[in-house]
Amino acid sequence: MQNLRWKIITCVVAFIVFSAVGIYPILANRYGVPAPKWLMDRQLKLGLDLQGGVHLVLRVQTDDALRHETDVESELVRESLKTAGITGGTITVDGPTQFRVEGIAPDQDAAFRQAAAAVETNFDRSPAAGGVYVFTMRPNIQVNLREEAVTQARQTIERRVNELGVAEPSIAQQGSNGDEILVQLPGVSDINRAKEVMGSPGLLQLKIVEQGPVGSREQLMVNGQVPAGMEIVPGSSRGAGDANTVYYLVKRVAAVEGRDLRSARPGIDSAGRPAVNFTLSSEGSRKFGDITGANIGRNLAIILDNRVQTAPVINGRITNNGIIEGIGSQEEVQDLSLILRSGSLPAPLSYLQERKIGPTLGADSIRAGIVASLVGLLLVVAFMLVYYKASGVNAVVALLFNLVILLGLMAYVGAVMTLPGIAGFILTMGMGVDSNVLIFERIKEELAAERGVRASINAGFSRVFLTLLDTHISALIAAAFLFQFGTGPIRGFAVTLSVGLLSNIFTSTFVSKTLFETALANRRQVATLSI
Amino acid sequence: MQIFKLPHIDYLRWKWPALAVSGLIIVAGLATIFTRGIPMGIEFAGGTAVVAAFEQDVSLDQVRDAVNRNFGGETVVHTFGDPGQHQVMIRVPQVGAETGAALSEVVDKVNAALQSGGLPKFEIAYSEAVGPAVGQQLRSQGFWAAVLALGGILLYITFRYQFSFAIGAIIATIHDLLITLSFLAFFQHDMTLNVIAALLTIAGYSSNDTIVIFDRVRENLRGMRRDSLRDVLNLSVNQTMSRTIITSGTALLSALALYLFGGDVLRSFAFTLLVGLISGTYSTIFIAIAVVSMWRGKGPLKAAARAPAAAPSAPQQPTRKSKPQRKARAS
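These protein sequence lines are chains A and B, in that order.
Going by the numbering used here, the first sequence opens with residue 282, and the numbers climb by one from there.
Going by the numbering used here, the second sequence opens with residue 83, and the numbers climb by one from there.
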């Protein structure tokens, strides 16, 4: 009897704990009953298909991140060739991970090797015939850079989404190459703004204008080519809305970049139009001070995503702040400051999948799913009560207990309830019924073999327990693979199923047996069992 | 209450007819799959889907005409959800380029086509654009998840029972998957991620069902060493018959509720479950034990004689202490 008391206490405590986590917040939410915040935070969340929102799968174009790195390092070689006084070498970038140096005179070979040593931590140099050297990025560096680019992109997107004020966004890396990012924004209806803010490169560069502005690209070229180490950037001569594109010649590598920013805020320019004020970090301020101090009277190009926004004349040494004019509306200014604050994307993004679920559709699905579940549950309950009579109550209690544990555990692990998740619920109920049926049918067999009631119950539970272990473990094995290799809805299904299988073992054996024992505890002689 | 007393049916007598019926369905199903194919949902095929919720009733032909003016004849238009809500789903195979933010261009185009089609006012309740890369990846992922899950179950049953049982369970499971796929092809249901989830459920359910019977076979093998394997198999199926009927019946009730009340989104899912549950019950009774008996041949149960525990068959004597977790080894 001591034993039985502890079993009952265990059941009651488990019931209270799981309903507190799983059921109470839902009821509290619905009927406005007060509940502690830590409990409400754990509330079971609805997936996008039930709540409505935007679902995006993005791919990070990691090749572009590699190409950027190759660009920067090839510039480094160019600079060091210049300082070493080596002339005649031409540098071309062949691909995202490769650049070549041509036309090195044989007598300057040794000097070249020394000058190029700076990039050889990241690049393999292979000598080719006729003074041509090919530099290829090392494979491990490539892998690292790709991973870094995806991680950085994910973090940047996270910051931007958070600043947009989306409640409970979900952002995760996925895909077989790990270069995909899944973004789920519950409740967001303006998909285009979200996409613009997330996908904008947000690359700010400050460069001294070497030449320009002029009306066409060709005017800036020397012998039909862009001068070495320079690039031509388009822009509009007088802010946004100006149709005339003009071109500026600037250095390829920027003096000050977005990463030197400390903050960016919406403000107004001297004419009272919306503009973005930015402040530089201490390192950025030092660089900016140097470069503006040395170039008073020249133009400073403020380049955003490879387009010159403005190119004001430098009137004096500027250290820590600046202004970006000619953006447009107040909202665009706000978005741009948000993008600049959150840092630039290391590589461009492309969209692989987009799904937008309207809130009404989600509400319809959830109603249909719940109605179907309730109908199914009621049918099963009715059947169990009719077929197993008093023992059927036992099975129904075990079944509802299972439901409570399932809700509680799902809320506790922070799982998200989706439509396939609801289907997983229904299937778990099916397994729960199966467990009870197995046990009850076994007890009936034992009773038919003229065993006593208590012995029959004991034999039924202990024998079927092993069958249940086998069926549940093999289902868990399957669920584990589904979770590991599945995506989205399949994962949601696997989570519900696994949690359900575990709680089912507990309710259909332990809880149900305790109920039987409790019912029989006060009767000395038990001749019949209502089953 | 009892559905029936212990039945005495010789299931193995129906071995060949059962195998023939299943074979016929599967062959017809595979033929359908190879000729007509199973339509792929846009998650797998790629493309664009839009659900427009109109303010009033609208004829599908009108919607189709409006969309076809801008798109080729490959559009699919059908009602969606509760008829009272006038929702129409439009699917086109086109999708924007997978570069930059162009993917959802086609959603805007469909929207524009509807706007200019002289239709009642509407709003877009749902839209989805899937590039080809995602579909490719999902297909291979789904396939490997299923193969590995089946492999895992095979290993587990081999470890806990015997290899012939594992073969029986796996063939029964594959049988159920093929039958279900065949019916999906017959009725041309869209293959979606939800349907894949349902197929995987069927796999789990089918092996669960089979394991319950094999568990009884294993238990009976210890007590019935002089009986033929055929008798042991038949008795085991008969003993678990009422459980099989009740469990399958209640599961079918749930799936039926899902099919009738679960809405459009869950309809294919529920259909898959319904077919799979019926097939799963049938295969457990007729296919799984047939495979075991064919694999082991007709010989006496030498293997069972080597089973470690000498406890007689349940339930004549309860086997509480008979350590059934020990494996009944077979050669």
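Beta carbons: idealized from backbone N, C-alpha and C, even for Gly.
Who pairs with residue i in a beta bridge, going by DSSP?
i	result
L630 (chain A)	A:V341
H336 (chain A)	A:Q465 and A:R636
Q169 (chain B)	B:A135 and B:F162
A582 (chain A)	A:K488
V685 (chain A)	In DSSP, V685 (chain A) forms no bridge with anything.
M321 (chain A)	Answer by DSSP bridge pairing: none, since M321 (chain A) is not bridged.
V174 (chain B)	B:T130
R406 (chain A)	A:F416
R772 (chain A)	Answer by DSSP bridge pairing: none, since R772 (chain A) is not bridged.
S451 (chain A)	A:Q465
P387 (chain A)	BP columns for P387 (chain A) are empty, so no partner.
R381 (chain A)	A:T373 and A:V415
Judging by CA-CA distance, which residue of the options is the nearest neighbour of residue i?
i	options	result
N403 (chain A)	A:A386, A:N421 and A:F393	A:N421
Q436 (chain A)	A:K363, A:G570, A:I462 and A:Y414	A:I462
E726 (chain A)	A:V780, A:I812, A:I771 and A:F766	A:I812
T326 (chain B)	B:I293, B:Q144 and B:L236	B:I293
V293 (chain A)	A:E798, A:V792 and A:F797	A:V792
I108 (chain B)	B:V133, B:I261, B:Q144 and B:L237	B:I261
F766 (chain A)	B:S350, B:W226 and B:A102	B:W226
A113 (chain B)	B:L196, B:V133, B:G200 and B:A267	B:A267
D352 (chain A)	A:F393, A:E606 and A:G510	A:G510
T777 (chain A)	A:T591, A:Y693 and A:N587	A:Y693
N601 (chain A)	A:S562, A:K318 and A:R406	A:S562
V424 (chain A)	A:P387, A:P377, A:R598 and A:D388	A:P377
P306 (chain A)	A:D322, A:I297 and A:T291	A:D322
T799 (chain A)	A:E731, A:N675 and A:P701	A:N675
D252 (chain B)	B:E125, B:A372 and B:A127	Just to set this straight, residue 252 (chain B) is Ile in the shown sequence, not Asp. When each option's Cα is compared against that of I252 (chain B), the closest is B:A372.
P214 (chain B)	B:N302, B:V277, B:A127 and B:L338	B:A127
V697 (chain A)	A:K318, A:Q324 and A:I297	A:Q324
Assuming residue i contacts residue j (C-beta within less than 8 Å), just tell me the rounded distance between them.
i	j	result
T699 (chain A)	G328 (chain A)	3 Å
S625 (chain A)	P555 (chain A)	With 8 Å as the limit, S625 (chain A) and P555 (chain A) do not qualify as a contact, their Cβ atoms being about 21 Å apart.
G163 (chain B)	G345 (chain B)	6 Å
V145 (chain B)	L201 (chain B)	7 Å
G416 (chain B)	A370 (chain B)	This structure leaves residue 416 (chain B) out entirely; chain B is present only between 83 and 413.
L185 (chain B)	T161 (chain B)	Incorrect: roughly 26 Å between the Cβ atoms, too far for contact.
A475 (chain A)	L466 (chain A)	6 Å
L782 (chain A)	H753 (chain A)	5 Å
Go through its chain and collect everything with a Cβ distance to residue i's Cβ below 6 Å, but skip five positions before and after it.
i	result
S365 (chain B)	A254, H257 and D258
S481 (chain A)	I620
A815 (chain A)	Because residue 815 (chain A) is not part of the residues shown, which for chain A are 282 to 812, the question remains open.
G689 (chain A)	F299, V302 and G303
F153 (chain B)	V174
K384 (chain B)	Confidence is the limiting factor: at K384 (chain B) the pLDDT is only 46, short of 50, which leaves the residue's position unreliable, though a coordinate-based value still follows. So the list is empty, once near-sequence residues are dropped.
E156 (chain B)	P175
E187 (chain B)	G178
Could you pull out every residue in the same chain whose Cβ sits closer than 7 Å to the Cβ of residue i, ignoring the five residues on either side in sequence?
i	result
Q52 (chain B)	What is shown of chain B runs 83 to 413, which leaves residue 52 (chain B) out entirely.
F368 (chain B)	Y93, W96 and A100
K488 (chain A)	V531, K532, A535, A536, A582 and I584
V341 (chain A)	A430, V431, A434, D460, I462, A628 and L630
F204 (chain B)	A134, A135, F136, E137 and L196
D139 (chain B)	H168
V495 (chain A)	L501, V527 and Y528
R744 (chain A)	R723
Kindly list the residues whose CB is nearer than 8 Å to the CB of residue i, restricted to its own chain and excluding five residues on each side of it in sequence; keep chain order.
i	result
L263 (chain B)	G111, I115, I120 and L281
Within the 8 Å Cβ cut-off, does residue i reach chain E?
i	result
A211 (chain B)	Given the protein chain composition of this structure (A and B), no chain E is represented.
Give a single yes or no on whether residue i has its beta carbon closer than 7 Å to a heavy atom of the ligand NAD.
i	result
F153 (chain B)	The ligand NAD is absent from the structure shown, which contains no ligand whatsoever.
Members of the stretch 285-306 of chain B near chain A, C-beta cut-off 7 Å: Answer set for the stretch 285-306 of chain B: A285, G286, S289, N290, I293, V294 and D297.
Cβ-based contacts, 8 Å cut-off: residues of the stretch 422-446 of chain A near chain B: none
Members of the stretch 659-690 of chain A that neighbour chain B once the beta carbon cut-off is set at 9 Å: L659, L660, V661, F664, M665, V667, Y668, Y669 and K670
Contact list for the stretch 633-661 of chain A against chain B, Cβ threshold 7 Å: L633, Q634, E635, R636, K637, I638, G639, T641, L642, D645, S646, A649, G650, V652, A653, V656, G657, L660 and V661
Residues in the stretch 264-276 of chain B having any Cβ partner in chain A nearer than 8 Å: L275 and N276
Short-range partners of chain A found in the stretch 315-326 of chain B, where Cβ spacing is below 8 Å: Q321, T322, S324 and R325
Cβ-based contacts, 7 Å cut-off: residues of the stretch 334-350 of chain B near chain A: L335, S336, A339, L340, F343, G344, G345, V347 and L348
The stretch 318-339 of chain A: positions lying closer than 8 Å to chain B by Cβ: D330 and V338
Chain-ordered residues of the stretch 697-711 of chain A with a beta carbon less than 7 Å from chain B: L700, P701, A704, I707, L708, M710 and G711
Proximal residues, the stretch 237-258 of chain B versus chain A, C-beta separation under 9 Å: L237, Y238, I239, R242, Y243 and A251
Contact residues within the stretch 182-207 of chain B, judged by C-beta distance below 8 Å to chain A: Going along the stretch 182-207 of chain B in chain order, one finds G182, A183, A184, L185, S186, V189, E205, I206 and A207 with a Cβ nearer than 8 Å to chain A.
Residues in the stretch 738-758 of chain A having any Cβ partner in chain B nearer than 8 Å: N739, A740, S743, R744, L747, T748, D751, T752, I754, S755, A756 and I758
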